[in-house]
Amino acid sequence: MSEPFLHWTSDLDTGIEQVDEQHKILVQYINEMHDAHVAGNREAVGQALDHLIEYTVQHFSDEEDLLKMAEYPLVDAHHRVHENFVNKVQTYKGRFDNGDDVSQELLDILETWLFMHIRRNDHGYVRHVKEKLGL
1 MSEPFLHWTS DLDTGIEQVD EQHKILVQYI NEMHDAHVAG NREAVGQALD
51 HLIEYTVQHF SDEEDLLKMA EYPLVDAHHR VHENFVNKVQ TYKGRFDNGD
101 DVSQELLDIL ETWLFMHIRR NDHGYVRHVK EKLGL
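So in UniProt numbering the end of the sequence shown lands on 135, straight run, no missing numbers.
If you want it as structure tokens, here you go:
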């Protein structure tokens, strides 16, 4: 196993246990995809990509449910950000399925998007959610 592609750092923590645990699992899936890419294992890249998409969709759904419970006023905007990201990754998945080697390009996008999304978008709801839900 190679050095992890992504490293979790404490500035990514939201302090909401469910959200943080799911974010860490997303990082693990991205690292698995990276390892498969480095090993040149296209089948494993595809499996990791499938797992990543499936888990990302579930995480976004869980996160949006949490925001709705907390009556977060920007939940619709947050949903649109999630939806746009899933559509972008699905486009890469389509290219991958058609034989394109999109691994490195997708890994670069995932790295930038995930951490920026957590630091900007997700950290933006933390105070509201904690206050509303008593977390």
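By construction, the Cβ of each residue, glycine as well, lies at the ideal position given by its N, Cα and C atoms.
- Going by Cα to Cα distance, which pick from Leu135, Asn98 and His82 is closest to Leu110? His82
- Item | Where the alpha helix (DSSP H) containing Gly94 begins and where it ends | Val75 to Asp97
- In the DSSP assignment, find the unbroken alpha helix (DSSP H) run with Ser61 in it and report its ends. Arg42 to Met69
- Message: Let me confirm a value: Thr112 is counted as buried when at least 16 other C-beta atoms fall within 10 Å, else exposed. Which label applies?
- Response: exposed
- the region 27–40 / the region 82–95 touching (three or more Cβ pairs under 8 Å): no
- Query: Counting pairs of beta carbons, one from the region 119–132 and one from the region 2–19, are three or more of them closer than 8 Å?
  - Reply: yes
- Kindly indicate which three-state DSSP category Ile16 falls into: helix, strand or coil? coil
- Message: Check this for me: beta carbons of Tyr72 and Tyr125, under 7 Å apart or not?
- Response: yes
- Message: Beta-carbon within less than 6 Å of Gly134's beta-carbon, same chain only, minus the 5 sequence neighbours each way: which residues are those?
- Response: none
- Query: If you check the beta carbons only, do residue 139 and Val19 fall under 7 Å apart?
  - Reply: There is simply no residue 139 to check, as the chain begins at 1 and stops at 135 in what is shown.
- Message: Given this structure, state the Cα-to-Cα distance separating Lys26 from Tyr55, to the nearest angstrom.
- Response: Just to set this straight, residue 26 is Leu in the shown sequence, not Lys. Looking at the two C-alpha atoms, the distance is approximately 7 Å.
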